[in-house]
Structures are given as C-alpha cells and as structure tokens.
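Under the working numbering, the first residue of the sequence shown carries the number 1083, and numbering increases by one thereafter.
For each residue, glycine too, the CB sits at the ideal point set by N, CA and C.
Predicted model only: the values in this text are computed from it and were never measured.
Contents: one structure, followed by commentary.
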Amino acid sequence: MYRSHTCGELNAASIGQEVKLSGWVQKIRDKGFMVWVDLRDRYGITQLIFDEERSSKELMEKAQKLGREFVIQVSGKVIERESKNTNIPTGEIEVLVDEVNILNTSLTPPFTIENETDGGEDLRMKYRYLDIRRNPVKNKLKFRHKVGMEVRNYLSNQDFVEVETPYLIKSTPEGARDFVVPSRMNEGQFYALPQSPQTFKQLLMVGGMDKYFQIVKCFRDEDLRADRQPEFTQIDCEMAFVEQEDILNIFEGLTRHLLKEINGVDVAEFPRMTYSEAMKKYGNDKPDIRFGMEFAELNDLAKNKGFNVFDQQELVVGIAVPGAASFTRKEIDKLISWVKRPQVGANGLVWAKYNEDGTLKSSVDKFYSEEDLKTWAEATSAKPGDLILLMAGDANKTRTQLSALRMHLGNELGLRKADEFAPLWVVDFPLLEWDEETNRFHAMHHPFTSPKKEDFALLETKLGEVRANAYDLVLNGNEIGGGSIRIHDKETQEKMFDYLGFTPEEAKAQFGFLMDAFQYGAPPHGGIAFGFDRLVAILGGQESIRDFIAFPKNNNGRDVMIDAPAKLDEAQLKELHLQVNYLEETSKNSQGK
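As structure tokens, this is what we get:
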C-alpha cells in the first residue's frame, strides 16, 4: 500500500494517527536541524517535518538529498502544526516522518510547478505533463469532467441513449477540410475523420433509437485560434418525432441544469432573436447581450449633408458607448487605430461626444450642426456622458467591423463579466448563402437542414430568401450549440443537393447510403450539437479552450510535446501505397543544382 491517505485529506481530527502518504516534492526548506517538505498529489499538499531531535541521522541525510518533483512515499505520525496555514485544508497539521522511500528521482523542472509559474505557454505545452501538475490546469481538467458528468446525467434522465459512431468514415463536403487516413487494405483509398457524426445520428433516427447523444471527438482541418482546435469535442444529440420547439425546450433545460449545478446560477429566460434582427442590431449572429450598444442605422440622419465619407456609402451605422464622453482625444485615436488594423479593416471612425451638460461636440462639426448631432443621440439612445461612434461603408462589411469594435469596447469597459450568463436563441437563419467565388449557393449550416415549412414555396422562385429550420444557442457572445430540423424524405433531399450544385451522380456517390435509408420509413427528426470545449471554458469563466484540454495543439496544429505531425518512414509509406513529394525540399534542391 503506497498510501493510507491523500495529501489533501488530513486535518486536526487526524492528529495522533500513523499514516502513509505518497506524492511529489513541491518545496523543501532546510534549516539544517530541521527540514520541511511540502508533499503534493492531485488532492492537495501536506507538510512533512524531519527533526534531528526526533529523527535519525540517516533519515535527516535522506531528507536533505530530496529534490523538487522527486516522487516519494513517507510514513509517520500526524502532529499539530506550530505555524498554521489557514489557506489550505491541511494547514493545521504536519506529518512527523519516521520513514521515507524515494520512488523516483526527477530532473529539475524547466519551469516552477506553482499556481503562478515562470514558464511561457510554448514551454508549458512542450512539457504538458508537468503543467498538468499545476492547480490551474489540473482544476480545469477536473472541471471539464464535472461538466461532462452533468451532461450525461441530464440527458440520461431525459431518456437519451449514448451511442458511439465510427471515426473512420467517408469524406463528405461539410464546409471545412477533412483529415484523411489512407487504407492499407484498400490501395489508393482513404477514410476521413468525421467533422461531426451528422449522417450517423440521422441513421440512428431511421434505426428507431428516438433519442441519441454522444460526447464525441470531431476533426476539422482549418485555421486555428484560441477557441478552436483541429480535434474538438461535441455534445452531439438527435431526436425523432420532434419540431423545433421540442428541441429548444430540451436544450434550454440542459443549459439551465449546467448553469445551476456548475455555477449556482438560475437563468430566468432564454430570449429569442431572428438572424436578421441579430445582424441588424449587433452585426453578428452570436451577440453578447450582457450589455447594450445596439446598432442604430443613420442613413436618413447622416447622409446628404455634404459629408462625402457618408454620402457615398451604402450604410451609416452607429453605437452609443456608455460613459465614454470622458475619453481623451488620445483614447479615441487609439480606437481609430484599432479599427484600422487588418484584422478589422475599417477606414476610420466618426465620433460625437454627448457631454454631461447636454452639449454635443463631434469630429465632423464642419458638416453637422448640434441639432443634427442630437438626432444621432436619439437614434443611438445616447445619454449625457456617452460617446457616439459611427462607421460607414458596405452594409455587411461595416456591420461586421462595428460588431468587432462593440465587443472590444465591451472587454475594455469591463462589461463582459465572466460570472454573468446571458443565453440567447438565434433562429430563422437563411437556408443558403451565395458564394461569389464559386458562383453558386452553399448550405449555411449543412445540406441536411430542412427549410421552414412556410418557405417551401420560395424554393422554386426566391431561393436566397428561404429560411432554414435552424437555431443556434449563444452564451455570452459565443455560439455554444447549433442544430436544425432535418430533411427526412428522399425527394426533398435530392432537391437540396440540386440547389447546392450536386449532380445526381455526385449526390449518390457522396450520400447514397443516407438517401437509401430515407426510403425505409425515416421519421421526422432534428437535433443539435454543443461545442463541449467552448461550453466548458465559458462555464469556467474563460473564452480560450486550450487549458481545458489535456493535450492541446498549438496555433499551427502541432503537438509540440510529442512532435506531431511527423513524417512517415519509407517502409510505412510503401505499405500504405503512398508516395510523398516534399515540395519545399524539392524546390531547394533544384535551386542548388
């Protein structure tokens, strides 16, 4: 038996007990006549004491040779600690050691394994197994486990059945690039890793499972950022014999359950907003409604006043920033520089201060009277003390740019509080969106999404105006879930493939198995998928998902710890019937010749 107790378990009630503990050496304080060691495991820290008056010379020498992160086992007696530490559960006691066994030595770690570490992110990712020993990372992984258990509890209590679906599937066009896997037994052919279990969960509905869920790994070969990884986890769900309202009710319930059980928060309502309303009011389809700054369209108030910057543009739109009339010119110039960055791409900002005394002053006073500026204030719901910011340009592009600025200001002004939660359903998305590059329609969600029943007539006449029977769940400005009612009959699905530019042959080659299944009594069905990593991070008060994943990849999609991806040797390539042309090396060699 390596231990009788964990390092977070002992307290004043344990005084007098003989115990065994095992763990890692966190710290050593050697006073010569006395040595204290902080012993750490997953559960906490217990202070050990070696005392030359009560410990043998051999034991003292052994204690003085211990190093940071040595793995040791000790036995001894729990005694009262003279200098108590009220910050930890074990702070009233210490263990007077009578035997120590070094289970493994350790090199000096490349960074300190403390809550506040001196290790940079790249270094900590390279030695992720050491980083996990730190409380901030360890506790996030435990938090993830807790959220996962609550998800399973809720869905199981709602009669959902967890079913595993395959990881080696067929490559299908679903928006992002697939990761592909060569087949050794089928020369020249490839599996793909699933971007989602979409078609399989629909087949489970055809199979009569009625309510399915899975906490499942998905894979997309796309550019990365803080809230995106090449492999990520979904809470994937599907239900038969349902309409949109049934699904929204069930998954409002899941979200309420998680917020209550994980964060102790009761959410009164889940407001709903159409896609077009979200774009008009906030400039994106996942607005953070914890704060205001709703958009006001000012074409009628700002155009035709001789200011060409506005007169020549499709849209003039503005927001009122609460309390920001006190911004200095330097602070406003900083905002103008921020929106001109390539990531935002705006040409600039027009500003107007609504001063506390009721007067208005703007950067365009030459063209607009104070009465004009008052109409801007009314339109944006500005109050004395607020700052009005305006942008102009192409409608869609300008809304996106102002949305970025709104979120930036929300962060800068402390309006996006991690302990406040504001869920929102966004509904009535367009079914299709036109792609200028390919000169055809693409599915806004995926090709299995059903149109709104009331829009079926528009399929033959006004395809771009057809609304999808689709919905997204937004939490604090992040899309945490999205889904739709699916097409469940072959004829409608064939039409959808036709609208998306598939030939009948292409549709059959890609999705023939699903079309065949629809001929055997497919029930009406629909579902939703939650981004589990993102959901966990938001419930944990953060927006970056990386620390909530045990072994994440960096922004280049690399695992720097195991050095993956990596090249295959020639024997493996031959076995897989593959030949790799390393273009960069070939180019260098040809230049050398």
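Query: Straight-line gap, Glu-1536 to Glu-1561 (C-alpha atoms, nearest Å); Result: 26 Å
Query: Three-state secondary structure (DSSP) of Gly-1564; Result: strand
Query: Between the CA atoms of Gly-1374 and Pro-1404 - distance to the nearest angstrom; Result: 9 Å
Query: Assigned exposure category for Asn-1671 - 16 Cβ within 10 Å defines buried; Result: With a pLDDT of only 47 at Asn-1671, under 50, the local geometry of the prediction cannot be trusted, and the value read off the model is given with reservation. Label assigned to Asn-1671: exposed.
Query: 8 Å Cβ cutoff met for Ile-1401 and Arg-1488; Result: yes
Query: Alpha-carbon to alpha-carbon, Ile-1161 and Asn-1093; Result: 10 Å
Query: Same chain only: Cβ atoms within 8 Å of Pro-1466, ignoring 5 sequence neighbours per side; Result: Ala-1407, Tyr-1436, Asn-1437, Glu-1438, Asp-1439, Gly-1440
Query: Option nearest Lys-1136 by Cα separation, candidates Val-1117, Asn-1345, Arg-1150; Result: As written in the sequence, residue 1136 is Arg, which differs from the Lys given in the question. Among Val-1117, Asn-1345, Arg-1150, the Cα nearest to that of Arg-1136 is on Val-1117.
Query: Closest by C-alpha distance to Ser-1451, when choosing among Phe-1584, Phe-1389, Glu-1327, Leu-1223; Result: Phe-1389
Query: The stretch 1635–1644 in contact with the stretch 1522–1536 per 3-pair CB rule at 8 Å; Result: no
Query: Sequence ranges, beta strand (DSSP E) only - wholly within the stretch 1556–1626, length at least 3; Result: 1560–1567, 1607–1613
Query: Completely contained alpha helix (DSSP H) runs for the stretch 1394–1449, where each covers 4 or more residues; Result: 1411–1422
Query: The stretch 1172–1188 in contact with the stretch 1096–1104 per 3-pair CB rule at 8 Å; Result: yes
Query: Contact under 8 Å by Cβ, His-1659 with Gly-1270; Result: yes
Query: CB-CB length for Val-1107 against Glu-1134, believed under 8 Å; Result: Contact doesn't hold; Cβ gap of about 19 Å is too wide.
Query: Stretch pair the stretch 1592–1607 + the stretch 1274–1293: three plus CB contacts closer than 8 Å; Result: yes
Query: Inter-residue CB distance, Leu-1212 and Tyr-1249 (contact presumed, cutoff 8 Å); Result: Going by Cβ atoms, the distance from Leu-1212 to Tyr-1249 rounds to 30 Å, so no, they are not a contact pair.
Query: Same chain only: Cβ atoms within 7 Å of Glu-1547, ignoring 5 sequence neighbours per side; Result: Leu-1540
Query: Exposure label - Arg-1111; buried when at least 16 CB within 10 Å; Result: exposed
Query: For Met-1321: DSSP bridge partner residues; Result: Lys-1293, Gly-1608
Query: Terminal residues of the alpha helix (DSSP H) in which Lys-1144 lies; Result: 1139–1146
Query: Spatial neighbours of Val-1219 in its chain, beta-carbon cut-off 7 Å, leaving aside the 5 residues before and after; Result: Asp-1213, Asp-1629
Query: Candidates Ala-1477, Ala-1434, Phe-1225: closest to Lys-1456 by CA position; Result: Ala-1434
Query: Asn-1663 versus Lys-1649: straight-line alpha-carbon distance, rounded; Result: 12 Å
Query: Secondary structure of Lys-1675, DSSP reduced to three states; Result: Here Lys-1675 scores only 38 on pLDDT, less than 50, and its place in the model should not be relied on; the value that follows carries that caveat. Lys-1675: coil per DSSP, three-state reduction.
Query: Pair within 8 Å by beta-carbon distance, Pro-1512 and Leu-1555; Result: no
Query: DSSP state of Lys-1670 mapped onto helix, strand, coil; Result: For Lys-1670, the predicted structure reports a pLDDT of 49, less than 50, and the residue's modelled location is therefore unreliable. A value from the coordinates is still provided. Lys-1670 falls in the helix class under three-state DSSP.
Query: Proximity winner among Leu-1341, Arg-1481, Leu-1514, Phe-1392, relative to Val-1446 (alpha-carbon distances); Result: Phe-1392
Query: Burial state of Glu-1453 (16 or more Cβ within 10 Å); Result: exposed
Query: Among Glu-1198, Phe-1633, Arg-1372, the one whose alpha carbon lies nearest that of Gly-1496; Result: Arg-1372
Query: Sufficient close CB pairs (3 or more, under 8 Å) joining the stretch 1181–1188 to the stretch 1143–1159; Result: yes
Query: Cα-Cα separation, Leu-1431 to Pro-1312; Result: 36 Å
Query: Touching by the beta-carbon criterion (3+ pairs, under 8 Å), the stretch 1316–1326 and the stretch 1610–1619; Result: yes
Query: Same chain, Cβ closer than 8 Å to Phe-1323, neighbours up to 5 away in sequence not counted; Result: Asp-1292, Pro-1605, Pro-1606, His-1607
Query: Distance CB(Ser-1157)-CB(Glu-1181) smaller than 8 Å; Result: yes
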